[in-house]
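Have a look at the structure below before the remarks.
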Amino acid sequence: MPELKQLDAGHASAILAFELANRAYFAASVSDRGDDFYERFQDRHSAMLAEQEAGECAYYVLVDENGGILGRFNLYDLEDGTAHLGYRVAQHVAGRGVATATVRELCRLAATRHRLRTLRAAASHANVASRRVLAKAGFVPVGPADPADLGGKPGTWFQRDLASVPD
Numbered sequence: 008m009p010e011l012k013q014l015d016a017g018h019a020s021a022i023l024a025f026e027l028a029n030r031a032y033f034a035a036s037v038s039d040r041g042d043d044f045y046e047r048f049q050d051r052h053s054a055m056l057a058e059q060e061a062g063e064c065a066y067y068v069l070v071d072e073n074g075g076i077l078g079r080f081n082l083y084d085l086e087d088g089t090a091h092l093g094y095r096v097a098q099h100v101a102g103r104g105v106a107t108a109t110v111r112e113l114c115r116l117a118a119t120r121h122r123l124r125t126l127r128a129a130a131s132h133a134n135v136a137s138r139r140v141l142a143k144a145g146f147v148p149v150g151p152a153d154p155a156d157l158g159g160k161p162g163t164w165f166q167r168d169l170a171s172v173p174d
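In terms of our numbering, the sequence shown opens at residue 8 and continues consecutively.
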């Protein structure tokens, strides 16, 4: 059974493998991160751990039984009870409810572990799957997203009030 775990130093190689294996799949719906991201991944991973330690972000990975990464789920820009949500799942589990179930679980953790009251997420108009995940997880559209927030693509901001999330 997959398990949602908070990011730690030991996840680096599995995350890099996940990102490389799914690079073309991700680039079809979100902007590609560029070669520098992959070449300097260890530095970026260390920076993420420092941001998490400072309480600025909370990074999670969905890990399969063999230690492989099925998805990444991030809470970033934590401030005043609010955070932004970002996520991506491996192509081989897409369309199976994995993202929806994990976003719901992350909403629970955001409310209980991180004491957040509101989550926001942006999705491009073209990313129908992500928009569907957000709707199924209780997010509602709250306005247009600046294309700069979505790699130059038009989209929508979604928001979820966490007051009703069960413990």
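No residue lacks a Cβ here, since even glycine has one placed at the ideal position from N, Cα and C. Predicted model only: the values in this text are computed from it and were never measured.
Could you please give the first and the last residue of the uninterrupted alpha helix (DSSP H) stretch that includes residue i?
i	result
residue 135	135-143
residue 113	105-119
residue 61	First-last for residue 61: undefined, no H or E at that position.
residue 28	19-28
If you draw a straight line from the alpha carbon of residue i to that of residue j, how long is it in whole angstroms?
i	j	result
residue 85	residue 91	7 Å
residue 64	residue 83	4 Å
residue 49	residue 28	17 Å
Which residues in the same chain as residue i place their Cβ atom closer than 6 Å to its Cβ, once the five residues preceding and following it in sequence are excluded?
i	result
residue 172	114, 115, 118
residue 100	77
residue 132	161, 162
Among residues of its own chain, excluding the 5 on either side of residue i, which ones have a beta-carbon nearer than 8 Å to its beta-carbon?
i	result
residue 112	11
residue 21	68, 70, 74, 75, 76
Name the DSSP beta bridge partners of residue i, please?
i	result
residue 167	126
residue 86	89
residue 69	11, 78
residue 161	For residue 161, which the question treats as bridged, DSSP gives no partner whatsoever.
residue 131	162
With 8 Å as the threshold, decide whether the Cβ of residue i is near any Cβ in chain D.
i	result
residue 160	Absent from the structure: chain D. Only one protein chain is present.
How would you write the range of the beta strand (DSSP E) that residue i sits in, first residue to last?
i	result
residue 172	Note, residue 172: premise wrong, no beta strand (DSSP E); not H, not E.
Next item on the list: State whether the segment 131-140 contacts the segment 38-49, with contact taken as three or more CB pairs (one from each stretch) at a distance under 8 Å.
Entry: no
Check: Okay, do the segment 125-139 and the segment 90-104 touch, 3+ Cβ pairs below 8 Å being the bar?
Finding: Yes: the two stretches touch, three or more of their Cβ pairs being nearer than 8 Å.
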